[in-house]
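Number of protein chains: 4
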Amino acid sequence: MLVMMKSGYTDRDAKRVIDKVESAGGLAQRRKLQGQNLLVLTGCPRSLERELNRLPGVDSVRVPTGGHWLVTRQWRPQDTVVEVAGAKIGGANPPIIMAGPCAVESRDQLLRIAEKVSDAGASLMRGGAFKPRSSPYSFQGMQEEGLALLAEARERFGIAVVSELRDVNTLDLFLDYEIDVIQVGARNMQNFEILRCVGRAGRPVLLKRGPANTIEEWLNAAEYILLEGNSQVMLCERGIVAPRGAETRYLFDIAAIPIVREHSHLPVIADPSHAAGDRRWVPAMAQSAVAAGANGLLVEVHDAAEEALCDGPQSLSPESLEQLLADLKRRGYLDSPVEHHVSSILQLVGNNC
Amino acid sequence: MLVMMKSGYTDRDAKRVIDKVESAGGLAQRRKLQGQNLLVLTGCPRSLERELNRLPGVDSVRVPTGGHWLVTRQWRPQDTVVEVAGAKIGGANPPIIMAGPCAVESRDQLLRIAEKVSDAGASLMRGGAFKPRSSPYSFQGMQEEGLALLAEARERFGIAVVSELRDVNTLDLFLDYEIDVIQVGARNMQNFEILRCVGRAGRPVLLKRGPANTIEEWLNAAEYILLEGNSQVMLCERGIVAPRGAETRYLFDIAAIPIVREHSHLPVIADPSHAAGDRRWVPAMAQSAVAAGANGLLVEVHDAAEEALCDGPQSLSPESLEQLLADLKRRGYLDSPVEHHVSSILQLVGNNC
Amino acid sequence: MLVMMKSGYTDRDAKRVIDKVESAGGLAQRRKLQGQNLLVLTGCPRSLERELNRLPGVDSVRVPTGGHWLVTRQWRPQDTVVEVAGAKIGGANPPIIMAGPCAVESRDQLLRIAEKVSDAGASLMRGGAFKPRSSPYSFQGMQEEGLALLAEARERFGIAVVSELRDVNTLDLFLDYEIDVIQVGARNMQNFEILRCVGRAGRPVLLKRGPANTIEEWLNAAEYILLEGNSQVMLCERGIVAPRGAETRYLFDIAAIPIVREHSHLPVIADPSHAAGDRRWVPAMAQSAVAAGANGLLVEVHDAAEEALCDGPQSLSPESLEQLLADLKRRGYLDSPVEHHVSSILQLVGNNC
Amino acid sequence: MLVMMKSGYTDRDAKRVIDKVESAGGLAQRRKLQGQNLLVLTGCPRSLERELNRLPGVDSVRVPTGGHWLVTRQWRPQDTVVEVAGAKIGGANPPIIMAGPCAVESRDQLLRIAEKVSDAGASLMRGGAFKPRSSPYSFQGMQEEGLALLAEARERFGIAVVSELRDVNTLDLFLDYEIDVIQVGARNMQNFEILRCVGRAGRPVLLKRGPANTIEEWLNAAEYILLEGNSQVMLCERGIVAPRGAETRYLFDIAAIPIVREHSHLPVIADPSHAAGDRRWVPAMAQSAVAAGANGLLVEVHDAAEEALCDGPQSLSPESLEQLLADLKRRGYLDSPVEHHVSSILQLVGNNC
């Protein structure tokens, strides 16, 4: 259950709710999310709802259905807008473009590409410093040096940066270098330690969907982050397990975009590069994602893909990125609000709030 | 191998090629496709290529790679355009809209919906007369009566019709009622008897991809049809096996659209309705398919979906279809050529022809 | 609904039921299965149950749950035993061994292998005469000649034969050559024309599971056959769609064996060869299938696998087959009844009959 | 490359190799695994092989194919045997039984079940103390108290214990309570921080396969552990992503058992409980795993499954466990060596060592 507190509620009001919940054997966690004070209750009987509703300072009590609460429109019917270095992501804002190399490989490489993706129109640059690799013998990233280079690129070209957090014990480095968006990778979608950790960090998070995970599990993973008090979360679709003989590395679940936008108030970003595994299909897939209602794109771009230490075959050239953005612009996608047909059910929920 | 004959070649020229192939232990099948006379050779050594090239009447000999030949751009670099009752499908033509109920249920239902989808802007109407159903106890379709109603609707509203051929022995009925496009359903994608049969019928074919099938197998299935002398084939993506816990009935393989268009000259149609299994996701998926380069849409539409005998939950209302087409129009998709970035490799192939 | 008639019931009794059903808008199909006379009712209200129960000649009325009726233990709690040329398949009988080449390739090849698999202990020999192939350019089988050779092999070595029916119009040939078991291939699992056709033929059927199909759909496919009056059906698990990067051609769904045996009275056969796609894994998979309760094995065997026209890499040598059977014998699997722990729920159903 | 050192090699010998590798731009990691001293080289040219071979103290140089080296039989052709509290797991030893509840729920529950699974014949007891849960609102385990109870159960019933490590920062607790086997869960298979951490801990590890992961990726994950100097690793198959409509929670990849045993020297354990998700299928699946060559079983057992806080529906009763072990015993599986037909290729490799 969620207990929404009135704006002028007091600590004593909160204490009263907590006592009531604890005496019923439950647990109440106090959180502030998007300016709203609330208590998240677990382990207490539904029958408590009526009683809690009558307590002073309580605005309303919600009994969400399903396993995730804070990520759904049951808690927040209107879209959440994530702000990153002035850019607004989500809601009716036009889709945001994040582009850059899979991995930071050298100062020269990163600054060169930073300039190009910035010129092409990207608002954020991606670049992995700590690379999770299937084999221990593959390039593991430039580590701290990579973060420093990202910070330098941001300084020089005024482009915000996103990078993946692989281990909780490097989080401080991400904060020190002021990495704008912390990415939780697909392999870590259910690394609950990382989820809690980025929840507490309070920075914008890009949460990739795991290739074996349902949309339900993905939303639950985001719930871990919100429950720690951080609702600056973007959900990133990057493809799920493909069948044998597939020509793409993963199956890009295009339907996930409208589905998540229907259930959740969080923005949805699409990563066609990892799904495709082959740059030839990326422009068409990127356009399809935007047409389906994605709030942004995360695209791998390299200006010397054949020499890339990681994911070269799926990286667009800066020229192809420019062409892609021109195509999107011509269709009017980059200037106009992202569309989303809110269903009648959700409008109903919205009216109740 | 494919032996392309010159325009003025004689029967004797052909005979000479055939003799040469047969004496080398191979088989030569003589076909005319899109105005081009060719011989499809199987079971003969590659070393024959040079010798055949020198024979009179022979224009060129192609040695395609991969298991399918006629469906790829190795045979025909330029896009094939399928003509259905005046409508042109494929190539640079704007995407075509096919819409209608899953099944023909009654005269009243069909004529009512025919008028509505026609008014909304669909060029073809779909409607199943012989329904393949998982359970023998489900509604199996109105059979011949259904075909007659489709013919009546076409007559009345000037809309071409597409219907599924379930059994080879009903093909004559499809020809008698002049069904414009014969659909081969997903379950029958590798029903080779049906493939050969629609190949010989010479009518436009809509070949759905089987949910367990790779793109390679799908193209091979089309190859069966072309090898019988019919290249009026449209390939229809309708989703493949989804993982447990998926919120859609199938996984819509959006990447299949650019991939097939790259490899094959045949038009690609997208069916978001069967992939979604839920009308809420259909508009977003339909738009994504067009943005990815689909040459057309096949959408289930019913004006009383809750009473539909089949696939009600995934059917759009006629109003939603209108809205979808308005959205596509606003983006300029319905007036302009379907985009397709032909890769450099293919341009090379094109130059050789 | 199923109306079970008493043993001495009259035509008039049946007529009375049929009239009652039809006047309620339903359809009654009269069938005799395993010595039991029954009427299968569709399209009539459940409320009819009580009334029907009181009619003369009626033994009992069953209202099955789920979409399939005749294949489940709701109709027949005890195991069905299929008899093929004296061999008993299903129930508590030891597992049966079916082995042989993917395709009949020549008289010499077939007779050679027939002798070897027969000596090794196989009760049936497999051999495809009409091969369904993904590519039209692959070997399509020896057709009728292949069936003739199978008949000759049976004559000579006293081994029953199983072969796949690809097209309904060749069924008569299968009957003429007295092919003991008619196989419906994985690609044809939902080819309803073939299902009805083998249902009417009355011969033992081996129904392979389609790689995209659920157990529910597989049982429904069998229901089509039983509904035509043929309950001599064996269900064959041969693997379902595998994920990208899998080392086997398909994923062998070992759990399907106990699941089908729990729900259905029909015998389950396992085909580890197609699932594996690599002979190295076949012996372990075959043993696992028998340990899981399979009523038989279908194994590809070739004595010159490197020259096989089809599926060579997954074919065991006759020596490996012998070793496999020796291993199974040592564990006591070939001499003792196939185990199946009937659940308490099913015992209850059994008691009611 | 792997450089195997002679038994009497000196530090100077190692230093010479390291210098040579570093001067060629590579990295050499010195490890001792199963009594063998070796240097794992990365980033150096193959051409170095000959030179290194001639250095003093060097026994042989191996150039493995594929991305993983230490886990394959290319390094160690003979089976690795993991020893846990006197029990030997792997190689020709009979399969080991690990059983117990999904989660430690209370002292009473754990001690009760410990006694029962110990009496039934299990050598290890499983029990989760830190539970990774999809939803933050689900029971997260008894944490440290759970480990303490496992230690108490081990003390009292002389049964070794296995428990899952969810976060690296709790590893010390696992060591303090002397948890015999540290489990890396399916969700953490590619949590490289955990892999390195259990590699350094030197305790026996049970590495579950991730549901989206190929066998290749699974072996690579194990490689991370071995590379840290710990080869006491057991690989646990527990099912991979199942298709929509599946009746099991995951698809049990039975073929993975012979495949991994062919490629790797590490023991393979099978967990039919998580794959099934339903206790009805567990006994058949467990028997199939042993028949396929599994070196052990991990089975969920609860004596009051309907009250279990986690995974109740898939837990066997202690009586069913007893029955399962009796069935395995009757077939001779529990007294005799696990079978594994080493292929001729591997025998060749073996001869070279």
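Respectively, the protein sequence lines represent chains A, B, C and D. In this note's numbering, each residue carries its 1-based index in the first sequence increased by 36. In this note's numbering, each residue carries its 1-based index in the second sequence increased by 36. In this note's numbering, each residue carries its 1-based index in the third sequence increased by 36. In this note's numbering, each residue carries its 1-based index in the fourth sequence increased by 36. Ideal Cβ placement from N, Cα and C applies to all residues, glycine included. Keep in mind it's a predicted model, so treat the numbers as computed, not measured.
| Asked | Found |
| --- | --- |
| Residues of its chain near B:Asn294, where Cβ-Cβ distance is below 7 Å and the 5 sequence neighbours each way are ignored | Position check: residue 294 of chain B holds Pro in this sequence, whereas Asn was assumed. So the list reads Ala328 and Gly329, once near-sequence residues are dropped. |
| For D:Pro279, three-class secondary structure by DSSP | strand |
| Distance between B:Glu355 and C:Asn266 (C-alpha atoms, nearest Å) | 48 Å |
| Where D:Asp289 falls: helix, strand or coil (DSSP) | strand |
| Buried or exposed by the 16-neighbour rule on C-beta atoms within 10 Å, applied to B:Ala128 | exposed |
| Members of the segment 277-288 of chain C that neighbour chain A once the beta carbon cut-off is set at 7 Å | Val277, Ala278, Pro279, Arg280 and Ala282 |
| Whether C:Ala278 touches A:Arg280 by CB criterion (9 Å) | yes |
| C:Val234 - DSSP class collapsed to helix/strand/coil | helix |
| Range covered by the beta strand (DSSP E) that runs through A:Ile12 | With chain A covering only 37 through 389, there is no way to say anything about residue 12 of chain A. |
| Interface flag, D:Trp105 vs chain A, CB-CB below 9 Å | yes |
| B:Glu181, buried or exposed, once every other Cβ within 10 Å from all chains shown has been counted against 16 | exposed |
| Within-9 Å CB hit, A:Thr250 to chain B | yes |
| Continuous alpha helix (DSSP H) assignments of at least 4 residues falling wholly in the segment 342-373 of chain C | 354-366 |
| The segment 360-370 of chain D contacting the segment 115-126 of chain D, beta-carbon criterion three pairs below 8 Å | no |
| Short CB-CB distance (under 9 Å) between D:Val39 and chain A | no |
| Any C-beta of chain B under 9 Å from that of C:Pro349 | no |
| Selection of the segment 211-232 of chain C by Cβ proximity to chain D, strictly under 8 Å | none |
| Cut-off 8 Å between Cβ atoms - residues of its own chain near D:Arg236, not counting five sequence neighbours on either side | Glu264, Gly265 and Asn266 |
| Minimum Cβ-Cβ distance from D:Gln14 to chain C less than 9 Å | In the structure as shown, chain D starts at 37 and stops at 389, and residue 14 of chain D therefore has no counterpart that could be examined. |
| Straight-line gap, D:Ile290 to D:Ser324 (C-alpha atoms, nearest Å) | 8 Å |
| Contacting residues, own chain, Cβ-Cβ under 8 Å from C:Gln226 (five flanking each side not counted) | Gly246, Asn249, Glu253 and Ala257 |
| C-alpha distance - B:Phe288 paired with B:Gln110, whole-angstrom precision | 27 Å |
| Same chain, Cβ closer than 7 Å to B:Asp95, five either side skipped, listed in chain order | Met40, Met41 and Lys42 |
| Among A:Leu91, A:Phe166, A:Arg239 and A:Leu243, the one whose alpha carbon lies nearest that of A:Thr206 | A:Phe166 |
| Neighbouring residues, chain B, relative to A:Gly368 (Cβ below 9 Å) | Arg366, Arg367 and Gly368 |
| Cβ-based neighbour list, A:Phe228, same chain, cut-off 7 Å, excluding 5 preceding and 5 following | Tyr260 |
| Buried or exposed by the 16-neighbour rule on C-beta atoms within 10 Å, applied to C:Glu342 | exposed |
| Contacting positions in the segment 250-272 of chain C - beta carbon closer than 7 Å to chain B | Glu253, Asn256, Glu259, Tyr260 and Leu263 |
| Of the residues A:Glu283, A:Val304, A:Ile276 and A:Ile251, the one placed nearest A:Gln268, counting alpha carbons only | A:Val304 |
| Cβ of B:Pro168 within 9 Å of any chain C Cβ | yes |
| Expected contact under 8 Å - CB spacing of B:Val21 and B:Leu186 to nearest Å | Residue numbering for chain B in the displayed model covers 37 to 389; residue 21 of chain B lies beyond these limits and cannot be assessed. |
| Cβ of B:Lys51 within 9 Å of any chain A Cβ | no |
| Classification of B:Pro81 by the beta-carbon crowding that lies within 10 angstroms, buried from 16 upward | exposed |
| Helix, strand or coil at C:Val94 [DSSP, three-state] | strand |
| Buried or exposed (CB count within 10 angstroms, at least 16 for buried), B:Gly238 | exposed |
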